[in-house]
Amino acid sequence: MNATLLIELLTEELPPKALPRLAASFAQTITEELKKMQFIAADAEAVAYASPRRLAVQLPQVLSVQPDQSITRQGPAVAAGMKDGQPTPALAGFARSCGVEVSDLAVVTNGKQDVYAYSSTKTGEALSARLADVVALALKKLPAPKLMRWGNLDVQFVRPVHGLIMLHGETVIDGEVLGLKSGKTTRGHRFLSQGEVSVANADAYARTLHEDGKVIASFAARRELIGHKLNEAAARLNATIAAPDALFDEVTSLVEWPVVMEAGFEAEFLQVPQECLILTMQQNQKYFPLLDKSGKLMNRFLLVSNIDPQDPSFVIGGNERVLRARLSDAKFFFEQDQKVRLDSRLPRLANVVYHNKIGSQLERVERLQSIAGAIAHELGADAALAARAAYLAKADLVSDMVGEFPELQGIMGMYYAQHDGEHPEVSAAIEGHYHPRFAGDTLPQGKIATAVALADKLETIIGIWGIGLVPTGDKDPFALRRAALGVVRMALEADLDLKALLVIVAAAFPADKLSVKVADEVYGFMMDRLKNFLAADCKGDEIDAVLAQAPSRLSEVRAVLAAVAQFKALPEAAALAAANKRVKNILKKAEGGITAVNPALFAEDAERALFDAVETLAPAVDAKFAAHDFAAALAQLSSLKAPVDAFFDGVMVMAEDAAVRANRIALLARLAELFNRVADISLLAE
305 MNATLLIELL
315 TEELPPKALP
325 RLAASFAQTI
335 TEELKKMQFI
345 AADAEAVAYA
355 SPRRLAVQLP
365 QVLSVQPDQS
375 ITRQGPAVAA
385 GMKDGQPTPA
395 LAGFARSCGV
405 EVSDLAVVTN
415 GKQDVYAYSS
425 TKTGEALSAR
435 LADVVALALK
445 KLPAPKLMRW
455 GNLDVQFVRP
465 VHGLIMLHGE
475 TVIDGEVLGL
485 KSGKTTRGHR
495 FLSQGEVSVA
505 NADAYARTLH
515 EDGKVIASFA
525 ARRELIGHKL
535 NEAAARLNAT
545 IAAPDALFDE
555 VTSLVEWPVV
565 MEAGFEAEFL
575 QVPQECLILT
585 MQQNQKYFPL
595 LDKSGKLMNR
605 FLLVSNIDPQ
615 DPSFVIGGNE
625 RVLRARLSDA
635 KFFFEQDQKV
645 RLDSRLPRLA
655 NVVYHNKIGS
665 QLERVERLQS
675 IAGAIAHELG
685 ADAALAARAA
695 YLAKADLVSD
705 MVGEFPELQG
715 IMGMYYAQHD
725 GEHPEVSAAI
735 EGHYHPRFAG
745 DTLPQGKIAT
755 AVALADKLET
765 IIGIWGIGLV
775 PTGDKDPFAL
785 RRAALGVVRM
795 ALEADLDLKA
805 LLVIVAAAFP
815 ADKLSVKVAD
825 EVYGFMMDRL
835 KNFLAADCKG
845 DEIDAVLAQA
855 PSRLSEVRAV
865 LAAVAQFKAL
875 PEAAALAAAN
885 KRVKNILKKA
895 EGGITAVNPA
905 LFAEDAERAL
915 FDAVETLAPA
925 VDAKFAAHDF
935 AAALAQLSSL
945 KAPVDAFFDG
955 VMVMAEDAAV
965 RANRIALLAR
975 LAELFNRVAD
985 ISLLAE
């Protein structure tokens with residue numbers, strides 16, 4: 305018999321941010337284990353359910369009994385199984401382990417030799433004998449944030465568990481998990497249902513909970529309904545919702561029967577920067593702020609309730625009172641912060657430790673000033689403005705608002721700088737220097753903001769790396785990888801010498817504080833990030849060819865990559881790449897230093913022809929390279945195919961005469977220099 309299998313664990317309210325992961329893991333482990341045991345087909349797909357008070361999984365076409373399994377055990381080789389007509393100890397032991405005589409064993413071929421074997425049939429086990437263990441294993445594998453105990457039980461789970469359903473079709477599978485015996489009853493919504501809900505059969509689970517329990521068991525269906533209701537309500541107000549996906553997920557994890565309500569707050573709170581109000585609503589209250597057509601925050605918001613009262617005014621009024629208190633705090637912090645100038649806060653940064661090996665935040669600010677000024681100079685921007693922005697960039701860390709909401713650092717500094725009458729570019733740079741904050745985030749806008757952002761990220765990377773706190777594996781507590789990716793993205797757009805910048809940043813630290821190799825090591829770290837970043841759009845061998853030249857001005861990298869891709873499409877490219885590999889291998893084995901080419905030592909026409917071709921072509925390649933016409937520079941190399949082929953066909957590089965041999969190696973070194981003017985083409989795949 306096969307039928308749908310339902311497993312449900314009824315719990316206290318589960319951690320909302322962890323709920324999707326818990327549900328996915330629960331369903332995945334149960335599905336995998338049942339497939340291993342052949343209770344379900346290899347392509348069977350589970351339906352996962354998750355609400356604040358339950359984890360459940362539903363699987364179709366589950367067998368009540370495993371299929372019988374044919375098991376073949378292989379033993380010793382036939383050649384080694386008998387000696388003088390008697391079984392060897394190994395063969396006799398194998399037969400005993402199978403519970404048979406030696407004469408009952410068969411002979412089979414394992415692909416290499418004949419071996420003794422024994423075949424038997426294992427009777428399939430009943431689902432009821434294995435299911436409780438499968439569920440227990442799935443619970444053990446859950447990515448639970450923390451485990452807890454309850455009552456006088458010895459069992460542990462992320463929250464107290466009150467019910468277990470293991471239902472195969474209409475039949476309850478007997479078993480015990482976490483001290484609970486399985487049944488076919490669960491509980492509906494805490495307030496909207498009559499309490500206990502009986503599930504008649506496994507297929508009716510979601511429908512029964514919806515109709516009798518006022519619970520939408522499917523996380524995906526609940527999230528879709530919430531999104532639909534919120535968008536409908538926002539459309540009625542000609543507004544758009546300001547909320548990240550994470551808020552939708554979290555609210556979906558908090559309600560079983562979502563009801564969307566509209567509420568509001570006093571317009572006077574809109575005098576506070578809208579980022580503060582939005583963060584308060586989203587983070588503290590799980591509300592959905594509304595923006596008007598111009599992107600300005602409205603004094604209306606939406607909330608998702610887990611109850612559906614006849615008169616929603618009490619729910620709405622209660623939420624408005626709670627939010628009013630939160631917004632009053634934000635307004636108070638904002639007004640208090642504005643009573644003092646932003647620059648007057650700087651001395652307090654002396655008491656904020658950045659890292660005990662490299663000083664306080666105030667010492668860091670002093671480094672940022674000099675670094676940002678130097679970068680601005682390279683960008684052709686006002687170094688004084690960049691230094692001023694760097695000076696003020698961290699001042700809001702000791703403000704009341706950022707103390708309450710650390711996520712607003714930079715944003716509040718921008719508003720306070722504007723209030724103090726700072727230059728608009730300085731104010732914008734205070735907020736912009738944190739960008740990009742995550743993958744896909746926007747880059748800082750303007751040269752001043754870019755200079756401060758680069759200074760901030762480079763100072764972090766050089767400082768932390770230089771004191772030995774290098775990222776390892778998945779451990780990167782100072783987010784150096786994220787900072788390095790941000791630098792790479794900015795450097796791809798800005799005309800800057802990255803190697804020179806790293807030296808400037810390292811020199812900004814006190815002598816003997818950092819590793820002497822920090823600039824070189826961080827450059828290699830940056831190249832790894834650059835390679836990963838470019839891999840989304842470019843081929844690996846082309847990236848390797850370009851980065852092998854250790855580019856310093858990353859703003860040229862994309863143009864060089866495009867040129868390499870064009871060169872690779874030429875009919876001569878494969879042969880020239882192969883020749884360059886051969887040249888590199890020869891040069892690696894060359895003994896002594898590479899001397900200058902002496903044409904007087906040429907003994908073959910082919911080496912003279914190659915020398916003439918290289919010397920004729922070099923000025924043109926250099927000119928194209930200097931003009932940043934990388935595609936044309938590489939295209940010039942195609943004319944070398946014939947003389948290169950002739951050289952390797954007719955010239956013995958490792959001649960017996962030491963002078964001739966050294967001269968030919970020098971010629972190949974000159975050829976390699978020309979070959980690799982733009983990129984190391986030996987790394988291109990054929």
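So the sequence shown is numbered by the numbering used here: it starts at 305 and just counts up by one.
Don't be surprised by glycine CBs; every beta carbon is placed ideally from N, CA and C.
Check whether residue i and residue j have beta carbons under 7 Å apart
i	j	result
G790	P740	yes
G385	T392	yes
Q940	A924	yes
A694	A721	no
V868	A983	yes
S942	E895	no
D507	T333	no
D641	D704	yes
V948	A883	yes
I991	E729	Residue 991 lies beyond the residue range present for the chain, which begins at 305 and ends at 990; the question has no answer from this structure.
A810	V822	yes
T764	A733	no
Beta-carbon separation (whole angstroms), residue i vs residue j, contact threshold 8 Å
i	j	result
A819	G770	Reading off the sequence shown, one finds Ser at residue 819, where the question assumed Ala. Yes, S819 and G770 are in contact; Cβ-Cβ is about 5 Å, under 8 Å.
S423	S374	6 Å
A448	V419	Wrong, their Cβ atoms sit about 47 Å apart, outside the cutoff.
D360	I311	It is worth fixing the name first, because residue 360 is Ala in this sequence and not Asp. Indeed they touch by this definition, with Cβ atoms about 6 Å apart.
G492	V501	5 Å
L583	L594	At roughly 15 Å, the Cβ-Cβ gap does not stay under 8 Å, so L583 and L594 are not in contact.
V519	S632	About 36 Å separates the two Cβ atoms, so there is no contact after all.
V656	V702	7 Å
M565	I620	5 Å
G717	D700	4 Å
G483	V459	5 Å
Residues of its chain near residue i, where Cβ-Cβ distance is below 7 Å and the 5 sequence neighbours each way are ignored
i	result
G954	E908, A910
A678	I808
K635	F573, V576
P775	L784, R785
W296	Residue numbering for the chain in the displayed model covers 305 to 990; residue 296 lies beyond these limits and cannot be assessed.
R974	V901, V918
K488	I469, L471, V476, S502, V503
L971	V901, E911, L914, F915
Assigned secondary structure, residue i (DSSP; H/G/I helix, E/B strand, else coil)
i	result
I311	strand
N660	coil
R649	helix
F605	strand
N542	coil
R491	strand
V868	helix
G677	helix
N980	coil
N306	strand
K485	strand
K803	helix
L880	helix
S502	strand
L534	helix
Beta-carbon contacts of residue i that lie in its chain and below 8 Å, excluding the five residues immediately before and after
i	result
D845	L987, L988, A989
M831	L851, A854
V792	M830, R833, L834, F837, L858
L529	I520, P562
Sequence-distant residues of the same chain with beta carbon closer than 6 Å to residue i, five excluded per side
i	result
A680	A687, A690, A755
P320	E554, S557, L558
K590	V555
D799	S859
R325	P447
TODO: Would you list, in sequence order, the uninterrupted alpha helix (DSSP H) runs of no fewer than 4 residues that lie entirely inside the region 894–933?
DONE: 909–930
Open item on the list: Going residue by residue through the region 550–598, where are the continuous beta strand (DSSP E) segments of at least 3 residues, counting only ones entirely within it?
Closed with: 563–568, 592–595
TODO: Tell me the start and end of each unbroken alpha helix (DSSP H) in the region 810–851 that is at least 4 residues and wholly inside, in chain order.
DONE: 822–838, 844–851
TODO: Tell me the start and end of each unbroken alpha helix (DSSP H) in the region 328–393 that is at least 4 residues and wholly inside, in chain order.
DONE: 382–385
Task: Ordered list of beta strand (DSSP E) runs contained in the region 400–465, each at least 3 residues - done: 410–413, 418–426
Open item on the list: Extract the residue ranges of the alpha helix (DSSP H) inside the region 692–768, only unbroken runs of 4 or more that lie entirely within it.
Closed with: 704–708, 715–723, 728–736
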